[in-house]
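Just so you know, we're using my numbering here: the sequence shown kicks off at 87 and counts up by one. Heads up, the thing below is written out as structure tokens.
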Amino acid sequence: LSKQNGIYQNTERGALLSSEHPETELPMVLHLNGLWESWGGLTETVRTGTNPKRKPVTERGKDSLKAFIGAMHVVGRTLSQEIADSYNLAPFKRLLDIGGATGTYTIAFLEKNPEMTAVLFDLPDVIPWAEERLEAQGLLERVECVAGDFYKDELPPGCDLVLLSAIIHQNSPEQNLALYRKIHRAILPGGTVLIRDHVMDPARTHPPQGTLFALNMLVNTEGGDTYTFDEIKEVLEEAGFGKVKLVREGEHMDCLVEAKRV
């Protein structure tokens, strides 16, 4: 806060905590606050492998889910543009954004490639929030929003580019294998899977943010982790994908792994 002539007002930085600010960071603050209890079980989780305080965000109520989805937009606002600029999207006609939240990456990809259309796939409670953001960006007519749960449901078919943005770290290798197989059934022949996530070095100590994030997955998921390139490649190939490449390296969950349906 700042004070002038006896009146308090938000500073430029403090204004970001207002829900009315166009670049509000409030959802991230609310989401991190919701992780406090599960992190309190870190010691027991390390000792036993189980966190009795863990509660999935989908089971914490709609407000917690909305904070989580909003937090994903906060971290993706700038990064989505960087990813769209760094990857050649020109060859692709139709995107499937799995767990696409409110469409942050869908929007960035469609703005980069005006010829592309998209399918955004996420939980039923999330779809209205996605439609609201897409409509505000003037892109709703180019996006089909499909409600579903990628742990339980088959994926919409007919896309030549599938995006998994910050998804695989919340899954065990077995869960990722099941998801990759669903993608393999849904994607067009010759299509591309693009994974955005941390990619760890073989020693699993770099990037440091990925090491710390693995702890976050330990206390907040049943089997999630951050993975090395070889670990990601092995599971993709088991699901039937080939030509697996690390096409972008980074420090802040901005690595890209590409694989082809062969």
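The beta-carbon is built from N, C-alpha and C at its ideal position, and this holds for glycine as well.
{"Query": "For R228, which of L118, C245, V161 and V205 has the nearest alpha-carbon?", "Result": "V205"}
{"Query": "If we count the other Cβ atoms within 10 Å of its Cβ and call it buried at 16 or more, is P214 buried or exposed?", "Result": "exposed"}
{"Query": "Ignore the nearest five residues each way along the sequence and tell me which others in D235's own chain have a CB closer than 7 Å to its CB.", "Result": "L209"}
{"Query": "Grouping DSSP H, G and I as helix and E and B as strand, with all else coil, what is K89?", "Result": "strand"}
{"Query": "DSSP on R140, reduced to helix/strand/coil?", "Result": "coil"}
{"Query": "Name the two residues that bound the continuous beta strand (DSSP E) containing I155.", "Result": "Premise fails: I155 lies in the alpha helix (DSSP H), K148 to S172, not in any beta strand (DSSP E)."}
{"Query": "Between L165 and T312, what straight-line distance do the alpha-carbon atoms span, to the nearest angstrom?", "Result": "19 Å"}
{"Query": "Taking DSSP's pairing of strands, which residues face L209 in a bridge?", "Result": "Per DSSP, none; premise fails for L209."}
{"Query": "Looking only at C-alpha atoms, which of R334, R140, T188 and G326 sits nearest to A233?", "Result": "T188"}
{"Query": "So for E240, helix, strand or coil by DSSP?", "Result": "coil"}
{"Query": "Would L206 count as contacting chain C if we go by Cβ distances under 8 Å?", "Result": "In the displayed structure, chain C is absent; only one protein chain is listed."}
{"Query": "Look at the alpha carbon of G326 and the alpha carbon of Q256, and state the distance between them as a whole number of angstroms.", "Result": "21 Å"}
{"Query": "What did DSSP end up calling E227 once you bin it into helix, strand or coil?", "Result": "helix"}
{"Query": "Starting from the C-beta of P293, find all residues in its chain whose C-beta is less than 6 Å away, skip the five residues before and the five after it, and write them out in chain order.", "Result": "E337"}
{"Query": "Report yes if the C-beta distance between T183 and L280 is below 8 Å; otherwise report no.", "Result": "Note that residue 183 corresponds to Asp in the displayed sequence, not to Thr. Cβ distance not < 8 Å, so D183 and L280 don't count as in contact."}
{"Query": "In chain order, what residues of the same chain lie with their CB nearer than 6 Å to the CB of A216, ignoring the 5 residues before and after it?", "Result": "T188, G189, L206 and C231"}
{"Query": "Three or more C-beta pairs closer than 8 Å, one from the region 131 to 144 and one from the region 296 to 310: is that the case here?", "Result": "yes"}
{"Query": "What are the boundary residues of the beta strand (DSSP E) that A345 is part of?", "Result": "C341 to R347"}
{"Query": "Return the CA-CA distance between N96 and L87, expressed in angstroms with no decimal places.", "Result": "5 Å"}
{"Query": "Please report the Cβ distance between Y266 and V321, rounded to the nearest whole angstrom; I am assuming they are in contact, meaning their Cβ atoms lie under 8 Å.", "Result": "6 Å"}
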